[in-house]
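Residue numbers (my numbering): 4 to 421.
All residues carry an ideal CB built from backbone N, CA and C; glycine is no exception.
Note sheet for the following structure.
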């Protein structure tokens, strides 16, 4: 049997404290046979030391000593596993409010978010906050797992009432693809194997939903964007006059012969060749890393962008961004930052805070203009030169920015172009 599992799905997990995220991931790894024997031995010994009956599945993911001791997740833990259908990267993000920034970083590249709800408590403030962040980060698919069904006697009535609660507030969210699964991570119901206790549920298990999510349409194939990372000049006998522009395609499709423009200069040319490694290819698409040569000698350098002649991003020097403040220190008024957007860097200031978002009530506060750790706000940014931008909802790669403090070189904020 030929295994075709070259498609990679990144997903993030979110839920409030003790909703069982780490146990769920442990169960997913354990039941899909993705745990090494030495890991199993180590966790079995720790479980026995703590006096647990059997293996404590949560210990497979809580890697930090503090996490194991307190039984909580603090940092974003990445776990890799593979099945015959797909490869997976899990970003296990913490549920506490003071770790909002960790959730934002863990979820920023995800194709899907698995949100856990404790069946005993239903939809709580944390659930709304995590769903809002997932929607803000434009994660295309939400999988809502209603966990601990064993503690409510596998009641279909409770499951349906939680779906109603969730749908009442989720109508305000951008994410359209939402599915619900009743599970018990501790006992394994509907995680990898079907549950014998919930014969009223007829959809897929969590693993089968993850394996069959349609993600190839999540990448923007219309707007061709190629940020140049470096210029290749091999200076060898074979490639004496070769001048290639190397980088990773952010979105869209490029073909040999396409008419393109180089931004910000606006000079136009045609694609002469596309190379990947040693091979010359006729077309390339996101997210491939390639080297492109042009018919004409144009001045192209790192930070420039090669785009289609008749489909170009906005060229803006002042623009609005939804910003998540990551630094421990609050933002200083009119401070200068380095803004990084794809491979392009400029200097920038936060000109104005339009409003701050209360992520628990979804209310906007236009009075408070102080940005401190974990705050999410809409701000106006002004840069020294024009940036080549798309709206984040249309293009996650060319619509995202980070701000770096010039004095400490610390990443202080991550933002999404509105």
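For residue 198 and residue 2, the rounded distance between their alpha carbons: Nothing about residue 2 can be read from this structure; the chain reaches only from 4 to 421.
Can you look up residue 135 in the DSSP assignment and give me helix, strand or coil? Walking along the chain shown from the start, residue 135 turns up at place 132. DSSP, read as helix, strand or coil, puts residue 135 in helix.
Going straight from the alpha carbon of residue 175 to that of residue 364, what length do you get? Numbered from its first residue, the chain shown carries residue 175 at position 172. Numbered from its first residue, the chain shown carries residue 364 at position 361. Between residue 175 and residue 364, the C-alpha separation is close to 12 Å.
Reduced DSSP secondary structure (H/G/I, E/B, other) of residue 329: Translated into the one-based positions of the chain shown, residue 329 becomes position 326. Of the three classes helix, strand and coil, the one that applies to residue 329 here is coil, per DSSP.
From this set, 210, 302 and 251, which residue's C-alpha is nearest residue 346's C-alpha? For the purposes of this step, residue 346 is taken as the residue at position 343 of the chain shown. By alpha-carbon distance to residue 346, the top candidate from 210, 302 and 251 is 251.
Which runs of the beta strand (DSSP E) fall wholly inside the stretch 164-194 and span at least 3 residues, in chain order? List check, beta strand (DSSP E) in window: 180-185.
Taking the runs of the beta strand (DSSP E) that are 3 residues or longer, which of them lie wholly in the stretch 308-360? With a minimum length of 3 residues, the continuous beta strand (DSSP E) runs that stay inside the stretch 308-360 are 308-311, 317-328 and 339-344.
Alpha-carbon to alpha-carbon, residue 343 and residue 415: As a first step, residue 415 must be located in the chain shown, where it is residue number 412. As a first step, residue 343 must be located in the chain shown, where it is residue number 340. One C-alpha to the other measures close to 12 Å.
Are residue 29 and residue 118 touching if we call contact CB-CB under 8 Å? Within the chain shown, the letter at position 26 stands for residue 29. Within the chain shown, the letter at position 115 stands for residue 118. No Cβ-Cβ contact shorter than 8 Å links residue 29 with residue 118.
Can residue 254 and residue 289 be called in contact, C-beta distance under 8 Å? By 1-based counting over the chain shown, the position of residue 254 is 251. By 1-based counting over the chain shown, the position of residue 289 is 286. Yes, the pair counts as a contact, with Cβ atoms nearer than the cut-off.
Ignore the nearest five residues each way along the sequence and tell me which others in residue 282's own chain have a CB closer than 6 Å to its CB. The residue given as residue 282 occupies position 279 in the chain shown. By the criterion of a C-beta distance shorter than 6 Å, residue 282 is surrounded by no residue of its chain, once the five residues flanking it on both sides are discounted.
Per DSSP, residue 15 is paired with what? As a first step, residue 15 must be located in the chain shown, where it is residue number 12. Looking at the DSSP assignment, residue 15 forms a beta bridge with 94 and 116.
Starting from residue 295, follow the beta strand (DSSP E) in both directions and report where the run begins and ends. In the chain shown, counting from the first residue as 1, residue 295 sits at position 292. Segment 292-297, the beta strand (DSSP E) holding residue 295.
Supposed close pair residue 26, residue 188 - CB separation, criterion 8 Å: Position 23 of the chain shown, counted from the first residue, corresponds to residue 26. Position 185 of the chain shown, counted from the first residue, corresponds to residue 188. So it is a contact: roughly 4 Å between Cβ atoms.
What three-state label does DSSP hand residue 101 in the structure shown? As a working note, residue 101 is residue 98 in the chain shown. Reduced to three states, the DSSP call for residue 101 is helix.
Tell me which residues share the same chain as residue 393 and place their Cβ nearer than 6 Å to its Cβ, disregarding the 5 neighbours each side in the sequence. Taking the first residue of the chain shown as position 1, residue 393 is located at position 390. For residue 393, where only same-chain residues beyond five positions count, the Cβ hits under 6 Å are 316, 401 and 402.
Pull up the DSSP beta-bridge partners for residue 386, would you. Here residue 386 refers to the residue found at position 383 of the chain shown. Looking at the DSSP assignment, residue 386 forms a beta bridge with 351.
May I ask you to report which of helix, strand or coil DSSP gives residue 29? Within the chain shown, the letter at position 26 stands for residue 29. Helix at residue 29.
Go to residue 226, then tell me how far its beta strand (DSSP E) extends in each direction, as first and last residue. Along the chain shown, read from residue 1 onward, the residue named residue 226 stands at position 223. Careful: residue 226 lies outside any beta strand (DSSP E) and carries neither H nor E.
Ignore the nearest five residues each way along the sequence and tell me which others in residue 399's own chain have a CB closer than 7 Å to its CB. The sequence position of residue 399 within the chain shown is 396, counting from 1. Excluding sequence positions up to five before and after residue 399, its CB lies within less than 7 Å of the CB of 141, all in the same chain and listed in chain order.
Contact set for residue 177: own chain, Cβ-Cβ below 6 Å, skip 5 residues either direction: Residue numbering aside, residue 177 sits at position 174 when the chain shown is read from its first letter. Around residue 177: 138.
Find out if the Cβ-Cβ distance for the pair residue 360, residue 367 is shorter than 8 Å. Counting from 1 along the chain shown, the entry for residue 360 is found at position 357. Counting from 1 along the chain shown, the entry for residue 367 is found at position 364. Yes, Cβ-Cβ distance for residue 360 and residue 367 is below 8 Å.
Check whether the stretch 143-160 touches the stretch 179-186, taking contact to mean three or more Cβ pairs, one atom from each stretch, closer than 8 Å. Contact between the stretch 143-160 and the stretch 179-186 is present, because at least three Cβ pairs lie under 8 Å.
Could you name the residues of the same chain whose beta carbon sits closer than 8 Å to that of residue 303, not counting the 5 residues immediately before and after it, in chain order? Within the chain shown, residue 303 is the residue found at index 300, counting from 1. The residues are 231, 234, 248, 265, 297 and 309.
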